[in-house]
Amino acid sequence: WYDLETYRRYSWRLFGAVHPNWIQSIVLTADNTHVISGSWDKTVKMWNVKTGKLVRSFVGHDGPVFSVKVCPDSKFLATGSADETAKYWNLETGELLKTFSGHSGCVQSVDLSNDGRHLLTGCDDGTCKLWGLEKGNLIRSYVSNTQGTAWSVDFSLNGKYFAVGYNDGIAKLWETKTGKVVRIFVGHTEAIYSVALSLNGLYLVSGSHDLTARLWGIQSGKQIRTFGSKLRGGHKAEVYSVVLSSDSRCLVTSSWDKTAKLWDVNTGKEIRSFAGHHKHVATVSISSDNRRIATGSWDTTVKLWDAKTGKQMLQIGSSSDSYGVDDSPYNN
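Per this note's numbering, residue 11 is the first one in the sequence shown, and the count goes up by one each step.
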């Protein structure tokens, strides 16, 4: 869905904002001191969550940055881009350590294993790839018989498995070492844009173009509950990002309807909504202590929220110079 000529046609308007183009991915560091943002302006930026000040920029991609992930010790960063590469950076110095090439499409999603040994990528070409971080080598490709983009990838805590959300509305759980599909999750009616595995190993959550997020049992592969629907309320547009709290009690979702929402995993009820962005909320992250929620939007801002009260704590950037909705390449 990324077209280079379309991007060039609109890139003359990239000026005047902290990120001068749409923010597509964010992540809070594990120590809760910084938030990282990846943008259509081809850059990644690191911000102090207390002051909102820019700490560091990571420049090197030749296309929009669609995915950012930080390792558990908050020392290294992985990024995925429309330039068909993933990159691995030193978070403390900004140094580019490795570039991973081999996909034949936009790298939509990246994840890092908790042991610091592997990088996982998901791509428009329908494949996922496992890379060794020490040598920078390709270890394995995972080719699905489903159709279209592998939108989102997420490692299990022990790295033995990973989940993928696909364009045909199916999610799969793969065994990392063998490349076998061990579980298939069927129920969404449209593309799955985001998946997340719970740290306790019991659940998978998925967010979809069908306006819903869903909770699945890992062992059974069966759907446990749905968060939002056309009949029950919830998001009014596609759900683009999902993340679970570290205790697996809460789910956070973000949507094209310009909001993020906090849900009770056990009941499926909406706890609160976070409204304030002027355009699509493409990405969401939750702090490791579950106290703060970060959102990134096509209005070119990052917002930090108090998870308990729903109050906005910080805004990074200004939406005054962002694209209009009708300027989106999605509408061309």
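Glycine is no exception: its CB is placed at the ideal position from the N, C-alpha and C atoms.
Here the structure is a predicted model, which means the values were calculated and not measured.
### Supposed contact pair A201 and G179 - C-beta distance, whole angstroms, cut 8 Å
6 Å
### Message
Classify A285: buried if its beta carbon has 16 or more other beta carbons within 10 angstroms, exposed otherwise.
### Response
exposed
### Task
Whole angstroms is fine: what's the gap from D316's alpha carbon to T53's?
27 Å
### Query
Taking the beta strand (DSSP E) that Q233 falls in, what are its first and last residues?
233-237
#### Entry: Expected contact under 8 Å - CB spacing of G197 and A160 to nearest Å
Not confirmed; about 18 Å, so no contact.
### Chain-order list of residues whose beta-carbon lies under 6 Å from that of N31 (same chain, five-residue window excluded)
L24, S49, W50, D51
### Query
Between the Cα of Y213 and the Cα atoms of H219, V75, R193, E105, which residue gives the shortest distance?
R193
### Query
Would you say V80 and A304 are within 8 Å of each other, going by their C-beta atoms?
no
### Per-residue DSSP class, three states only, for I194
strand
### Query
In terms of residues, what are the limits of the beta strand (DSSP E) holding S47?
44-49
### Query
How many Å lie between T156 and A173 at the Cα?
14 Å
#### Entry: Option nearest G243 by Cα separation, candidates D93, D72, E280
E280
### Task
Have a look at V117 and C133 and give me their C-alpha separation to the nearest angstrom.
4 Å
### Task
Identify every run of the beta strand (DSSP E) within the region 197-272, keeping only runs that are complete inside it and at least 3 residues long; order them along the chain.
202-207, 213-218, 223-227, 233-237, 249-254, 260-265
### Message
Beta-carbon within less than 8 Å of N276's beta-carbon, same chain only, minus the 5 sequence neighbours each way: which residues are those?
### Response
R259
### Query
Which residues in the same chain as W11 place their Cβ atom closer than 6 Å to its Cβ, once the five residues preceding and following it in sequence are excluded?
Residue placement at W11 cannot be trusted, given a pLDDT of 41 that sits under 50; the coordinates are not used to answer.
### Query
If you draw a straight line from the C-alpha of S265 to the C-alpha of E248, how long is it?
6 Å
### Query
How many whole angstroms separate the CB atoms of V294 and W57, which I take to be in contact at a CB cut-off of 8 Å?
Actually they are not in contact, since the Cβ atoms of V294 and W57 sit about 16 Å apart, beyond 8 Å.
#### Entry: Whether D257 touches N300 by CB criterion (8 Å)
yes
### Query
Can you list, in chain order, the residues of its chain whose CB lies under 7 Å from that of N177, leaving out five sequence neighbours each side?
Q157, G158, T159, W161, A201
### Query
Would the beta-carbon of L314 fall within 8 Å of that of V59?
yes
### Query
Contact check, L254 vs A206 under 8 Å by CB: the rounded distance?
5 Å
### Task
Spell out the partners DSSP gives S307 in its beta bridges.
V291
#### Entry: Spatial neighbours of Y250 in its chain, beta-carbon cut-off 8 Å, leaving aside the 5 residues before and after
Y203, S204, G217, S264, S265, W266, H290, V291, A292, T293
### Message
Quick check on DSSP: helix, strand or coil for T277?
### Response
coil
### Message
Taking only three categories from DSSP, how would you classify K108?
### Response
strand
### Task
Take the Cβ of I34 as the centre, count every other Cβ of all protein chains shown within 10 Å, and call the residue buried at 16 or more, exposed below.
First, the amino acid is wrong: residue 34 is Gln here, not Ile. Q34 should be labelled buried.
### Task
Look at the alpha carbon of V69 and the alpha carbon of G306, and state the distance between them as a whole number of angstroms.
19 Å
### Query
Is DSSP giving C81 helix, strand or coil here?
coil
### Message
Measuring only from the beta carbon, is T188 closer than 7 Å to any heavy atom that is part of the ligand GDP?
### Response
With respect to small molecules bound, the structure shown includes none, and the ligand GDP cannot be examined in it.
### Task
Please classify T222: is it buried, with 16 or more other beta-carbons within 10 angstroms of its beta-carbon, or exposed?
buried
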